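What follows is a set of notes on a single structure, which appears directly below.
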Amino acid sequence: MFIRRTKTRTTDQGVSYYSYRLVDTYRVADKVRQRTLLNLGSTFDSPRAQWPELTGRIEEIIQGQTALFESSPAIESLAQSLAATLLHKYAQTNDLFKPGAASGSRGFRSTESENTSPTADNTEQNIPTDARDLHTVDLDSLALMDVRTVGAEALALSAIEQTHLPEKLTALGFNRNQLAAAIGNLVARMVQPGSELSTFDWLQTHSALGELLGCHFESMSLSSLYRASDQLWQQHDKIEAFLYQQHRTLFGFGNTITLYDLTNTFFEGTGQFNAHAAYGHSKERRSDCPLVTLALVLDGSGFSRKSRIFAGNVGEAKTLQKMIEALVDTDPVAKGRQYEIPWEQRPTVVMDAGIATQENIDWLVEQGYPYIVVSRKRHQEFDATKAVVVKEHRHDQVCAQRVEVNPEEVALYCHSLRREKKERAIAGRFSGRFEQELEHLQAGLQQPRRMKQTDKVQQKIGRLRQKYSRISGQYEITLESDKKTRNVTAIHWQKQTKEDHPDSHPGVYCLRTNQTQWSEERIWSTYIMLTDLEAVFRSLKSELGMRPVYHHKTVRVEGHIWITLLAYNLVHHLRRKLKAQGIDDSWETLRSTMSTQTRTTVTLTGQNGEQIHIRKSSYPKSCQQRILRALQLKLVPGKTEKTIIESQKTQTVVP
Numbered sequence: 000m001f002i003r004r005t006k007t008r009t010t011d012q013g014v015s016y017y018s019y020r021l022v023d024t025y026r027v028a029d030k031v032r033q034r035t036l037l038n039l040g041s042t043f044d045s046p047r048a049q050w051p052e053l054t055g056r057i058e059e060i061i062q063g064q065t066a067l068f069e070s071s072p073a074i075e076s077l078a079q080s081l082a083a084t085l086l087h088k089y090a091q092t093n094d095l096f097k098p099g100a101a102s103g104s105r106g107f108r109s110t111e112s113e114n115t116s117p118t119a120d121n122t123e124q125n126i127p128t129d130a131r132d133l134h135t136v137d138l139d140s141l142a143l144m145d146v147r148t149v150g151a152e153a154l155a156l157s158a159i160e161q162t163h164l165p166e167k168l169t170a171l172g173f174n175r176n177q178l179a180a181a182i183g184n185l186v187a188r189m190v191q192p193g194s195e196l197s198t199f200d201w202l203q204t205h206s207a208l209g210e211l212l213g214c215h216f217e218s219m220s221l222s223s224l225y226r227a228s229d230q231l232w233q234q235h236d237k238i239e240a241f242l243y244q245q246h247r248t249l250f251g252f253g254n255t256i257t258l259y260d261l262t263n264t265f266f267e268g269t270g271q272f273n274a275h276a277a278y279g280h281s282k283e284r285r286s287d288c289p290l291v292t293l294a295l296v297l298d299g300s301g302f303s304r305k306s307r308i309f310a311g312n313v314g315e316a317k318t319l320q321k322m323i324e325a326l327v328d329t330d331p332v333a334k335g336r337q338y339e340i341p342w343e344q345r346p347t348v349v350m351d352a353g354i355a356t357q358e359n360i361d362w363l364v365e366q367g368y369p370y371i372v373v374s375r376k377r378h379q380e381f382d383a384t385k386a387v388v389v390k391e392h393r394h395d396q397v398c399a400q401r402v403e404v405n406p407e408e409v410a411l412y413c414h415s416l417r418r419e420k421k422e423r424a425i426a427g428r429f430s431g432r433f434e435q436e437l438e439h440l441q442a443g444l445q446q447p448r449r450m451k452q453t454d455k456v457q458q459k460i461g462r463l464r465q466k467y468s469r470i471s472g473q474y475e476i477t478l479e480s481d482k483k484t485r486n487v488t489a490i491h492w493q494k495q496t497k498e499d500h501p502d503s504h505p506g507v508y509c510l511r512t513n514q515t516q517w518s519e520e521r522i523w524s525t526y527i528m529l530t531d532l533e534a535v536f537r538s539l540k541s542e543l544g545m546r547p548v549y550h551h552k553t554v555r556v557e558g559h560i561w562i563t564l565l566a567y568n569l570v571h572h573l574r575r576k577l578k579a580q581g582i583d584d585s586w587e588t589l590r591s592t593m594s595t596q597t598r599t600t601v602t603l604t605g606q607n608g609e610q611i612h613i614r615k616s617s618y619p620k621s622c623q624q625r626i627l628r629a630l631q632l633k634l635v636p637g638k639t640e641k642t643i644i645e646s647q648k649t650q651t652v653v654p
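Take a look at the structure:
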């Protein structure tokens with residue numbers, strides 16, 4: 000076994016390019032032949048002086064021999080990777096090893112099979128004794144190698160296959176390698192979120208996803224992942240529409256609710272090469288970093304319908320019309336027919352106060368859309384005697400009071416006990432801090448070198464009112480001064496509840512809607528779906544690694560966000576199926592639970608000196624079985640691969 004370097008071409012500038020192959024020799028009669036065992040590609044960068052040691056170590060691993068001399072970490076890591084690739088390749092191709100095909104006239108036999116043991120699936124298998132592959136082995140020779148994770152990958156891949164996304168990408172022009180790179184990006188974002196660089200390392204050294212897909216990520220370049228990201232973004236609109244329709248078909252939900260909101264994420268770097276990078280109001284309070292904004296339209300089921308990427312300083316209120324118009328343009332049923340659709344079948348737009356400007360509401364009315372929005376009205380009203388209970392829970396109760404604003408609009412004043420407790424606690428904390436600062440100011444009036452002059456004390460109180468603007472309006476503050484010295488002698492304050500103050504009715508918020516025929520409970524329950532959108536943003540940023548963005552180019556930033564959004568829809572697909580089976584765990588919990596299911600190569604020495612390599616996934620624990628059975632997936636993902644290398648002493652080849 001040796002490594003061959005072959006010149007592929009030389010440029011006009013005199014730069015030569017080479018490819019590298021792992022080659023073996025074998026004898027046919029009195030002639031010596033050579034054949035390529037493995038194409039190492041053009042990026043193989045191991046120093047030439049180390050090639051003999053590397054190939055020798057590869058043979059030792061395959062034969063199950065202990066190294067005579069300790070190799071460097073780089074050689075050992077590369078040798079183990081190439082040996083695992085060889086064993087996997089031979090196990091998939093039964094005719095690669097022929098009599099006398101390998102150096103030293105070693106014989107090879109390789110097979111692959113489905114997991115047919117009684118523990119491989121949910122049914123008992125009766126296997127005839129003469130059909131079993133029985134060997135006598137030396138138990139002390141047992142060794143484990145190339146351990147890779149497979150459990151969470153199998154879950155993620157099942158969602159991709161159930162939505163027929165590979166078929167769609169193939170129809171959009173993705174070839175086999177591009178498809179593998181695209182799926183690798185998606186699964187990595189679901190299972191081990193990070194940059195393309197960290198994804199590249201994960202796919203090559205830690206994950207068994209390549210074995211489930213039947214591809215070799217070890218021979219794939221980093222640029223392939225970047226190009227796959229670019230391709231996914233180029234087909235953004237088509238993939239988005241396809242995936243949404245697939246989920247509508249799979250889960251059978253209607254197109255009746257439209258939730259709209261924005262979020263942003265920040266860059267690590269200047270963002271100078273990104274057209275979307277701009278400084279704005281960061282939801283993570285990273286005012287020191289440029290931002291990019293994601294606008295998202297979801298339906299009531301939680302799947303995204305439409306997404307757009309805007310500059311980081313875009314105002315929420317200015318994006319609604321663009322998004323709704325883009326949504327209609329891609330919906331042949333709704334396009335140009337909004338007024339022809341019966342009112343009860345039109346999608347209801349739900350949005351929070353940041354987007355619910357009067358201009359946007361007027362536009363929705365003009366376009367014929369029903370809406371439910373959070374009112375921007377600061378003065379709240381609530382009469383408990385005129386309210387009805389819309390939610391009853393041991394930790395919370397929500398009541399709603401209906402007010403007919405005009406024949407076309409209804410206001411719904413909602414009061415939540417839990418929200419009231421929270422707002423009272425927040426107001427109490429700010430009131431305590433405000434009064435503590437006033438007491439400190441008051442104590443200084445009797446101490447030397449402390450603030451006493453009337454104009455400075457008034458200025459200080461003004462700054463405190465600005466600092467605690469939420470509650471300072473409820474305080475009346477008066478000063479007593481000495482006319483001669485113009486120093487303040489005393490500060491008096493009193494908290495008074497004012498009916499026109501925004502905090503006069505803690506726990507109360509107002510909804511506006513033109514769904515005048517709906518009941519209070521239906522209006523409120525539809526609005527509360529908006530909280531699911533906030534959960535989406537938390538999942539995108541925390542569980543799926545959208546934040547922060549390390550890319551510099553505009554297309555790469557767009558691709559990063561788009562892959563994260565695709566990953567969210569696939570995760571939501573899995574969680575909906577599991578929730579229907581009574582499993583309501585977060586995705587973080589699910590992937591952590593499945594992370595301990597691995598794929599391993601077991602190596603044993605037979606009684607005649609033959610080396611037996613068996614590659615198989617581990618049997619799942621009870622908590623993992625519960626998840627796999629709920630999704631109707633195989634308990635042991637991937638195939639069992641067996642490769643037997645006959646001893647050089649016997650020189651026996653098993654046909």
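Numbering of the sequence shown is given in numbering that gives the first Met the number 0, commencing with residue 0 and proceeding in unit increments.
Note that beta-carbon positions come from the ideal geometry of N, C-alpha and C, so glycine has one too.
Note that the coordinates shown come from a computational prediction; the quantities given were computed from them, not determined experimentally.
Three-way DSSP call (helix, strand, coil) for residue i in this model
i      : result
Asn38  : strand
Gln124 : Note that Gln124 scores 44 on pLDDT, short of 50, meaning its location in the model is unreliable and no value can be drawn from it.
Ser518 : coil
Gln610 : strand
Ser660 : Nothing can be reported for residue 660, as the shown portion of the chain is limited to 0 through 654.
Asp260 : strand
Glu210 : helix
His134 : coil
Ser585 : coil
Arg449 : coil
Lys576 : helix
Glu479 : strand
Arg511 : strand
Asp200 : helix
Thr115 : Below a pLDDT of 50, predicted positions are generally treated as unreliable, and Thr115, at 46, falls in that range; the measurement from the model is reported next regardless. If DSSP states are grouped into helix, strand and coil, Thr115 belongs with coil.
Ile560 : helix
Lys655 : Absent from the model: residue 655. The displayed extent of the chain is 0 to 654, so no value can be given.
Gly605 : strand
With 16 other Cβ atoms within 10 Å as the buried cut-off, status of residue i
i      : result
Met0   : buried
Pro196 : First, the amino acid is wrong: residue 196 is Leu here, not Pro. Counting Cβ neighbours within 10 Å, Leu196 comes out exposed, since fewer than 16 surround it.
Asn568 : buried
Arg131 : exposed
Thr5   : exposed
Lys30  : exposed
Pro331 : Unreliable positioning characterises Pro331 in this predicted model, as indicated by a pLDDT of 43, which lies under 50. The coordinate reading is nonetheless provided below. Looking at its Cβ environment, which holds fewer than 16 other Cβ atoms inside 10 Å, Pro331 is exposed.
Glu343 : exposed
Cys413 : buried
Glu533 : exposed
Thr588 : exposed
Ile340 : exposed
Residue(s) in a DSSP beta bridge with residue i
i      : result
Tyr19  : Arg4, Gly40
Met144 : Thr600
Gln662 : Residue 662 cannot be examined here, being either before or after the span of the chain that is shown, 0 to 654.
Ala424 : Paired residues: none, contrary to the question.
Ser306 : Leu295
Leu290 : Phe265, Ala277
Gln33  : Thr24
Cβ pair residue i, residue j closer than 9 Å
i      : j      : result
Arg432 : Gly506 : no
Asp298 : Thr257 : yes
Ser157 : Leu630 : yes
Gln493 : Leu478 : no
Lys578 : His612 : no
Ala276 : Val601 : no
Val387 : Thr515 : no
Gln465 : Asn486 : no
Val364 : Asn513 : yes
Gly150 : Met593 : yes
Val349 : Ile371 : yes
Phe309 : Val548 : no
Ala181 : Leu208 : no
Check: residue i C-beta below 8 Å from any heavy atom of the ligand FMN
i      : result
Glu217 : Absence of the ligand FMN from the depicted structure is noted, as is the absence of any ligand whatsoever, leaving it without description.
is_contact[residue i, chain D] using C-beta, thresh 9 Å
i     : result
Glu69 : This model lacks chain D altogether; it includes just one protein chain.
Worksheet item: At which residue ranges does the region 347-416 contain complete beta strand (DSSP E) runs of 3 or more residues, listed in the order of the chain?
Response: Qualifying beta strand (DSSP E) stretches, in chain order: 347-350, 370-373, 386-392, 395-405, 408-415.
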